[in-house]
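Novice:
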Amino acid sequence: MIVSDLLPMLQSLSRADKLRIMQFLVAELAKEEGVTPLESGTAYRVWSPYGSHEAAHKLAKLLEENQETENA
């Protein structure tokens with residue numbers, strides 16, 4: 001089956017079926033890329049600049065430089 005035959009069939013699907021197809025395709029692409037999908041109910045550590053004075057200082061400096069560049 002070629003894409004030009006597949007697209008009209010996909011357009012006729014219900015919203016729920018379209019979402020299932022998207023989930024399937026994303027999972028297939030992730031497998032091909034070797035990406036491990038996130039699992040529901042699992043806690044993942046995420047870095048945050050909250051409470052990081054160094055990050056706040058760098059961000060403020062970048063914003064100042066950007067403002068100076070735009071005003072020049």
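In UniProt numbering, the protein residues as written are 1 to 72.
Built from N, CA and C at the ideal position, the CB exists for glycine as well.
#1: With DSSP run on the structure shown, which of helix, strand or coil describes residue 42?
#2: Going by DSSP, what residue range makes up the alpha helix (DSSP H) through residue 22?
#3: Which first and last residues belong to the alpha helix (DSSP H) in which residue 60 is found?
Specialist: Based on what the coordinates show:
#1: Residue 42 carries a coil assignment under DSSP once its states are collapsed to helix, strand and coil.
#2: 15 to 33
#3: 53 to 71
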